[in-house]
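In what follows, a single structure is set out as structure tokens and then discussed.
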Amino acid sequence: MTHIDDLASLGTSTWLDDLSRERITSGNLEEVKASKSIVGVTTNPAIFASAMSKGDSYDSQIAELKEQGAAVDDAVYAMSIQDVQDACDIFADVYKSTNGEDGRVSIEVDPRISDDHAATIAQARELWNKVDRENVMIKIPATDESLPAFSDALAEGISVNVTLIFSVERYKQVIAAYKEGINRAYEAGVDVSKIRSVASFFVSRMDSEVDKRLDVIGTDAAKALKGKAGIANARLAYQVFLNEFAGELPTGAHKQRPLWASTGVKNPEYPEDMYVVELAGPNTVNTMPEKTIDAALAGDGLRGDTLTGTSDEAQQVFDQLEAVGIDLADVVAVLEREGVEKFVDAWQELLNSMATRLK
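With my numbering applied, the sequence shown covers 254 to 612.
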């Protein structure tokens with residue numbers, strides 16, 4: 254038993270927030286899965302941009318795509334889809350043993366279309382069909398324009414990871430969209446027991462933005478609140494999860510689990526497993542870069558369920574943040590805008606690099 258196994262016993266599944274051709278072909282992904290109790294994988298544009306810009310693992314496929322005259326976007330997705338298919342196959346046994354709850358591998362729609370409902374649902378369908386694995390999850394951002402596409406995808410039986418959630422208010426919209434989509438699927442005769450979804454709530458980015466503002470304020474009261482906003486935000490979201498999913502869902506339907514994303518600490522002064530220890534509890538997922546997984550494995554261990562019954566304390570943190578001058582609404586607005594922009598920038602960088610290689 255490891256600390257990751259202990260985390261699972263509390264109800265938190267650990268997924269690896271990384272994927273590359275090198276991890277797959279070298280056997281590393283299989284090894285990490287077996288030795289570190291990893292039960293799923295998440296990807297994003299930045300992860301694929303990093304993977305495809307290093308080494309020679311993609312060279313042979315790039316040569317084939319060049320020979321075929323593939324467009325840049327098509328080439329990038331062809332390589333991403335192959336990686337996701339292979340990872341899905343590696344985690345197929347976990348998918349089967351957990352009845353579809355875990356063993357999931359995600360692939361994200363083009364972040365440049367996050368403000369286009371029609372384009373988002375069209376690409377979600379395309380990726381779902383091209384990957385052609387039951388345990389894939391299509392990642393759709395929680396923007397105003399893409400949330401209806403999330404509902405549409407669920408209604409068609411597509412499992413979805415809703416990403417880039419930074420606030421409780423946005424999370425409530427995600428849950429409403431989830432319930433709408435699941436109900437539509439059920440009414441259309443879709444087997445809702447096959448549909449799974451997670452809501453990716455970003456944690457460390459909240460601390461990075463709030464801590465920066467607390468340093469500017471500079472008072473002792475402000476500095477005492479550093480490193481508390483991200484955890485408090487997630488704990489308030491968890492209470493929303495408990496409240497909103499206390500009622501009935503259509504027969505066979507599953508609760509949409511909260512997923513803690515961006516759980517690698519950005520501030521080296523914080524414990525590397527801080528967002529693991531402080532966000533452990535039933536019906537959750539924590540997707541971690543391998544460095545954070547290793548920190549959790551090597552750490553002092555967990556403190557039990559650190560989510561249930563913590564909402565009052567979390568609200569006190571938010572009240573204190575506002576009292577010292579933190580505009581939380583503005584923090585969220587900045588994070589939502591920058592969240593999409595960062596993925597767009599990473600994707601564009603990848604496309605530019607691939608265009609050069611295809612020439």
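Beta carbons are placed, not taken as given, at the ideal position from N, Cα and C, and that holds for glycine.
Suppose you measure from the CA of residue i to the CA of residue j; what does that come to, to the nearest Å?
{"i": "Leu-604", "j": "Val-329", "result": "7 angstroms"}
{"i": "Ala-331", "j": "Asp-583", "result": "38 angstroms"}
{"i": "Leu-400", "j": "Glu-409", "result": "15 angstroms"}
{"i": "Ala-599", "j": "Gly-505", "result": "38 angstroms"}
{"i": "Thr-559", "j": "Asp-565", "result": "13 angstroms"}
{"i": "Ala-548", "j": "Ile-343", "result": "24 angstroms"}
{"i": "Ala-406", "j": "Arg-378", "result": "7 angstroms"}
{"i": "Thr-472", "j": "Gln-573", "result": "13 angstroms"}
{"i": "Asn-281", "j": "Glu-275", "result": "8 angstroms"}
{"i": "Gln-335", "j": "Leu-318", "result": "13 angstroms"}
{"i": "Ala-490", "j": "Arg-610", "result": "43 angstroms"}
{"i": "Ala-324", "j": "Thr-296", "result": "22 angstroms"}
{"i": "Tyr-348", "j": "Gln-426", "result": "28 angstroms"}
{"i": "Leu-581", "j": "Leu-260", "result": "30 angstroms"}
{"i": "Gln-568", "j": "Val-337", "result": "39 angstroms"}
Just mark residue i as buried or exposed, buried being the case when its beta carbon has 16 or more other beta carbons within 10 Å.
{"i": "Ser-288", "result": "exposed"}
{"i": "Glu-462", "result": "buried"}
{"i": "Arg-466", "result": "buried"}
{"i": "Ser-367", "result": "buried"}
{"i": "Gly-434", "result": "buried"}
{"i": "Val-294", "result": "buried"}
{"i": "Asp-468", "result": "exposed"}
{"i": "Pro-521", "result": "exposed"}
{"i": "Thr-373", "result": "buried"}
{"i": "Asn-486", "result": "buried"}
{"i": "Lys-612", "result": "exposed"}
{"i": "Ser-279", "result": "exposed"}
{"i": "Lys-481", "result": "buried"}
{"i": "Ile-470", "result": "exposed"}
{"i": "Asp-526", "result": "buried"}
{"i": "Ser-350", "result": "exposed"}
Could you name the residues of the same chain whose beta carbon sits closer than 6 angstroms to that of residue i, not counting the 5 residues immediately before and after it, in chain order?
{"i": "Leu-380", "result": "Ile-360 and Ile-391"}
{"i": "His-370", "result": "Glu-398, Pro-401 and Ala-402"}
{"i": "Asp-464", "result": "Lys-479"}
{"i": "Glu-589", "result": "Phe-419"}
{"i": "Gly-592", "result": "Leu-417"}
{"i": "Gln-509", "result": "Tyr-431, Ser-450 and Ala-452"}
Please state if the CB of residue j and the CB of residue i are separated by a distance shorter than 8 angstroms.
{"i": "Ser-412", "j": "Arg-449", "result": "yes"}
{"i": "Ile-257", "j": "Leu-532", "result": "no"}
{"i": "Gly-517", "j": "Ser-446", "result": "no"}
{"i": "Phe-454", "j": "Leu-512", "result": "yes"}
{"i": "Ala-438", "j": "Val-415", "result": "no"}
{"i": "Leu-269", "j": "Val-285", "result": "yes"}
{"i": "Ser-306", "j": "Ser-515", "result": "no"}
{"i": "Ile-277", "j": "Asp-355", "result": "no"}
{"i": "Ser-333", "j": "Val-292", "result": "no"}
{"i": "Leu-195", "j": "Val-538", "result": "Since the first residue shown for the chain is 254 and the last is 612, residue 195 is missing from the structure and cannot be characterised."}
Identify every residue that forms a DSSP beta bridge with residue i.
{"i": "Arg-357", "result": "Gly-293"}
{"i": "Val-415", "result": "Ile-393 and Ala-452"}
{"i": "Met-541", "result": "Leu-269"}
{"i": "Pro-511", "result": "Ala-452"}
Does any heavy atom of the ligand PLP sit closer than 7 angstroms to the C-beta of residue i?
{"i": "Lys-595", "result": "This structure simply doesn't include the ligand PLP, nor any ligand for that matter."}
Please list, in chain order, all residues of the same chain as residue i whose beta carbon is under 7 angstroms from its beta carbon, the five residues on each side excluded.
{"i": "Ser-420", "result": "Val-585"}
{"i": "Pro-542", "result": "Asp-270, Asp-271 and Gly-517"}
What does a CB cutoff of less than 8 angstroms around residue i pick up in its chain, not counting 5 residues either side in sequence?
{"i": "Asp-326", "result": "Asp-363 and Leu-604"}
{"i": "Glu-501", "result": "none"}
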